[in-house]
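Undergrad: Residue numbering for the sequence shown is 1 to 67, as defined by full-length UniProt numbering.
Have a look at the structure that comes next, please.
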Amino acid sequence: MSVARTTEITATSPKGFEDASRKGIERATRTLRNVRSAWIKEQEVVLEGDAVDHYKVTMKVTFILDD
């Protein structure tokens, strides 16, 4: 039987939501073992004046705990 844990992380990118998601997952897999999935919970744009400065995603990353 496997036991999983979920942690919430936020990542940003000046390029777009997809790039922010990719960066967040890449960073999570460098720290966490057995990452199995990521659910994008929120997407947000951060403005600088009237223009988009960067894109932000908040995601829940699920990983399997070691025995």
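Note that the Cβ used here is the ideal one computed from N, Cα and C, for glycine as well.
How would you call M59, buried or exposed, if buried means at least 16 neighbouring beta carbons within 10 angstroms?
TA: Reading the sequence shown from its first residue, position 59 is the one you call residue 59. M59 should be labelled buried.
Undergrad: Tell me where the alpha helix (DSSP H) around S21 begins and ends.
TA: Position 21 of the sequence shown, counted from the first residue, corresponds to residue 21. Taken as a continuous stretch (DSSP letters only), the alpha helix (DSSP H) holding S21 covers 17 to 31.
Undergrad: Identify whether D50 lies in helix, strand or coil by the three-state DSSP scheme.
TA: Numbered from 1 along the sequence shown, position 50 holds the residue referred to as residue 50. D50 falls in the coil class under three-state DSSP.
Undergrad: For S13, which residues in the same chain have their Cβ closer than 7 Å to its Cβ, ignoring the five residues on either side in sequence?
TA: Within the sequence shown, the letter at position 13 stands for residue 13. Excluding sequence neighbours, S13 sits near D19, A20, K23, H54, Y55.
Undergrad: Thinking C-beta only, is I9 closer than 8 Å to V61?
TA: As a position in the sequence shown, residue 61 is number 61, starting the count at 1. As a position in the sequence shown, residue 9 is number 9, starting the count at 1. Yes.
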